[in-house]
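Structure first, commentary second.
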Amino acid sequence: MPTFSAEEITEAYAGFQQQVAGLAASGDWHGYADLFTEDATYVEHAYGTFRGREEIRRWSVRTMTSFPGRLMTGFPIAWQTVDLERSRLICEVGNPMPDPGDGSHHSESNLTIMTYAGDGLFSREEDVYNPLRFLRTTLRWAAIAEAHGRLDDEGRAYVAAYGGSPTAG
0 MPTFSAEEIT EAYAGFQQQV AGLAASGDWH GYADLFTEDA TYVEHAYGTF RGREEIRRWS
60 VRTMTSFPGR LMTGFPIAWQ TVDLERSRLI CEVGNPMPDP GDGSHHSESN LTIMTYAGDG
120 LFSREEDVYN PLRFLRTTLR WAAIAEAHGR LDDEGRAYVA AYGGSPTAG
């Protein structure tokens with residue numbers, strides 16, 4: 000396995016985050032998969048394991064353009080560290096949602112493990128988190144958004160499927 004400096008891995012991830020910010024702002028997630036090698040693996044504990052750019056692309060577009068993924072306003076990094084031996088960057092990523100109408104803040108974080116492959120690309124991402132905490136946060140957000148007239152039909156369908164009513168949670 001090639002070894003890279005901590006500076007190169009850190010700079011590559013900063014570039015990755017900058018591109019992700021642009022994707023989130025545009026709402027077009029097709030380019031997300033292009034941040035990975037052709038044979039990359041993406042491990043997402045709630046959704047499964049995706050192999051190769053095209054599987055990653057299909058998953059990221061589907062997930063990040065539908066409720067609740069499309070509502071995430073950014074992905075701020077709380078902390079990060081580099082594991083040089085494994086060419087990895089490990090960090091805590093926030094997933095904030097917009098103001099649901101009452102000024103409250105709703106976010107959950109995940110632990111992300113990125114394996115760097117060189118040339119600014121990553122060969123693996125693994126997101127580790129508690130899906131039930133994400134669900135509870137989303138349902139709380141939806142209840143407040145509904146009370147303020149900000150929950151759309153897709154959000155209501157999500158709540159009906161996973162939470163019973165928009166006031167649950």
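Residue 123 in numbering that gives the first Met the number 0 sits at position 124 of the sequence shown; the count goes up by one each step and never skips. Backbone N, C-alpha and C define an ideal beta-carbon position, used for all residues, glycine too. Owing to the predicted nature of the structure, the values given are computational and were not obtained by experimental measurement.
Below 8 Å CB to CB, which residues in the same chain sit around residue i once its five sequence neighbours on both sides are set aside?
i: residue 87; result: 8, 81, 112, 113, 114 and 115
i: residue 19; result: 31, 34 and 74
i: residue 53; result: 32
i: residue 97; result: 70 and 72
i: residue 55; result: 31, 32, 35, 39, 41 and 49
If contacts are defined as beta-carbon pairs under 8 Å, then residue i and residue j qualify, I think. What distance do you get, rounded to the angstrom?
i: residue 73; j: residue 95; result: 6 Å
i: residue 13; j: residue 121; result: Rounded, the Cβ-Cβ distance is 13 Å, inconsistent with contact.
i: residue 3; j: residue 117; result: 7 Å
i: residue 37; j: residue 51; result: 7 Å
Given a cut-off of 8 Å, decide if residue j and residue i are closer than it, judged by their beta-carbon atoms.
i: residue 76; j: residue 110; result: no
i: residue 106; j: residue 91; result: no
i: residue 64; j: residue 46; result: no
i: residue 83; j: residue 5; result: yes
Cutting at 7 Å between CB atoms, please list the residues of its own chain near residue i, excluding the five before and the five after it.
i: residue 103; result: 143
i: residue 22; result: 28, 30 and 31
i: residue 11; result: 115 and 119
i: residue 134; result: 161
i: residue 93; result: 74, 75, 77, 106 and 108
i: residue 60; result: 28 and 29
Mapping the DSSP letters down to three states, classify residue i as helix, strand or coil.
i: residue 157; result: helix
i: residue 135; result: helix
i: residue 30; result: helix
i: residue 151; result: coil
i: residue 9; result: helix
i: residue 35; result: strand
i: residue 93; result: strand
Please go through the same chain and pick out, in chain order, the residues whose beta-carbon is closer than 6 Å to the beta-carbon of residue i, but skip the five residues on each side of it.
i: residue 137; result: 67
i: residue 126; result: 43, 109 and 111
Entirely enclosed beta strand (DSSP E) segments - the region 39 to 64, minimum 3 residues: 47 to 50
Those runs of the beta strand (DSSP E) which lie wholly inside the region 99 to 133 and span at least 3 residues: 108 to 117 and 120 to 127
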